[in-house]
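Here the sequence shown stands for residues 266 to 381, numbered as in this note's numbering. Take a look at the structure below.
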Amino acid sequence: MAFHKILCLSSISPGIEDQMIEQVMRSLNELGAPDTVTQHRVELAKWLSDWHLIAFLGTCGLLSEDDTKVLVRIATAQNLDDPAILDPLLTTDSWQTVATCARESDHVVFLYRQTR
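Following this line, the structure appears as structure tokens:
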């Protein structure tokens, strides 16, 4: 299996020990992940194909074992430039949970900024 290099939105490419769920949710929002019709599907597929991220998501309990296998199949695909590559993942219950968490975390951060 060959994982693709992460498209990191921050200045560093974190390993599994450096991951924080808040950063993951922020990056997912920046990539438009909560919207299944995101215009950034290729970037999202490449970002999700990072082994450290997949392992971290596995420790968070956000993805079921079966849905993690779907993500691994996508991450090891030969062509991540096909926007349809994400279709099997976007229809899973786990992805819906991740998207909801990302959307809600963005909303909480927005409200927090408004009150400061």
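For each residue, glycine too, the CB sits at the ideal point set by N, CA and C.
Could you tell me if ASP346 is buried or exposed, where buried requires 16 or more neighbouring beta carbons within 10 angstroms of its beta carbon?
exposed
Leaving out five residues before and five after THR357 in sequence, what residues of the same chain have Cβ atoms less than 7 Å from its Cβ?
ASP332 and VAL335
Assumed close pair ALA342, ILE319 - CB separation to whole angstroms, cut-off 8 Å:
Wrong, their Cβ atoms sit about 13 Å apart, outside the cutoff.
For the alpha helix (DSSP H) containing ILE339, name the first residue and the last one.
330-340
Assign ALA367 to one of three DSSP states: helix, strand, or coil.
helix
Pick out whichever of ALA364, SER359 and PRO299 has its Cα sitting closest to the Cα of LEU328.
SER359
Between SER314 and VAL337, what straight-line distance do the alpha-carbon atoms span, to the nearest angstrom?
7 Å
Measuring only the C-alpha atoms, how far is GLN288 from PHE321?
12 Å
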